[in-house]
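In full-length UniProt numbering, the protein residues as written are 1 to 112.
Backbone N, C-alpha and C fix where the C-beta goes; we use that ideal spot for every residue, glycine too.
Predicted, not measured: the structure shown is a model, and the values here were computed from it.
Remarks on the structure that follows.
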Amino acid sequence: MDTIGFEDFLKVELRVGRIVGAEVFAQARKPAYVLRVDFGEAIGVRKSSAQVTALYTPDELVGRLVVAVVNFPPKQIGPLMSECLVTGFHDANGDVALCVPDREVPLGTRLL
């Protein structure tokens with residue numbers, strides 16, 4: 001594992017957002033959803049592709065808080081321009097479980 005300095009960590013903008021839309025990403029090579037995530041007034045709503053189809057349905061995702069990196073440059077994923085990276089962890093089966101706060105926090109709050 002590489003060691004980083006605290007200054008490096010501070011460069012990563014990990015923010016809380018609420019999923020306001022989720023739909024099947026039909027053009028994705030691997031099963032995925034297109035998520036629309038609201039990070040509050042200062043950042044706004046951003047799109048992301050998320051390979052979380054094994055553990056969540058679109059209806060289960062809408063309304064959930066998630067943690068995402070919001071300061072990566074946009075990335076083209078097939079026909080989608082991804083504007084943030086929603087974070088998660090692989091479980092024992094290799095399926096992705098979302099990284100989420102365990103309490104309500106204001107949208108856009110930064111992880112520190």
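Boundaries of the alpha helix (DSSP H) in which residue i is found, first to last residue
| i | result |
| --- | --- |
| aspartate 8 | 6-11 |
| leucine 112 | That residue, leucine 112, is in no alpha helix (DSSP H); it is neither H nor E in DSSP. |
Buried or exposed (CB count within 10 angstroms, at least 16 for buried), residue i
| i | result |
| --- | --- |
| isoleucine 43 | buried |
| arginine 110 | exposed |
| phenylalanine 39 | buried |
| glycine 94 | exposed |
| leucine 112 | exposed |
| glycine 88 | buried |
| valine 105 | exposed |
| valine 96 | buried |
| alanine 92 | exposed |
CB contact flag (residue i, residue j, <8 Å)
| i | j | result |
| --- | --- | --- |
| glycine 53 | alanine 32 | Looking at the sequence shown, residue 53 is not glycine but threonine. Cβ distance < 8 Å, so threonine 53 and alanine 32 count as in contact. |
| cysteine 84 | valine 16 | no |
| leucine 98 | arginine 64 | yes |
| valine 66 | valine 34 | no |
| glutamate 13 | valine 62 | no |
Reduced DSSP secondary structure (H/G/I, E/B, other) of residue i
| i | result |
| --- | --- |
| leucine 14 | strand |
| glutamate 23 | strand |
| leucine 85 | strand |
| leucine 61 | helix |
| alanine 92 | coil |
| alanine 97 | strand |
Closest residue to residue i among the options (Cα-Cα distance)
| i | options | result |
| --- | --- | --- |
| glutamate 60 | Ile4, Met1, Ile19 and Glu13 | Ile19 |
| arginine 29 | Val66, Phe72, Val70 and Ser49 | Ser49 |
| phenylalanine 25 | Val66, Ile4, Phe9 and Met81 | Met81 |
Endpoints, the beta strand (DSSP E) within which residue i is located
| i | result |
| --- | --- |
| aspartate 38 | 33-38 |
| arginine 29 | First-last for arginine 29: undefined, no H or E at that position. |
| isoleucine 77 | 75-77 |
| arginine 46 | 45-50 |
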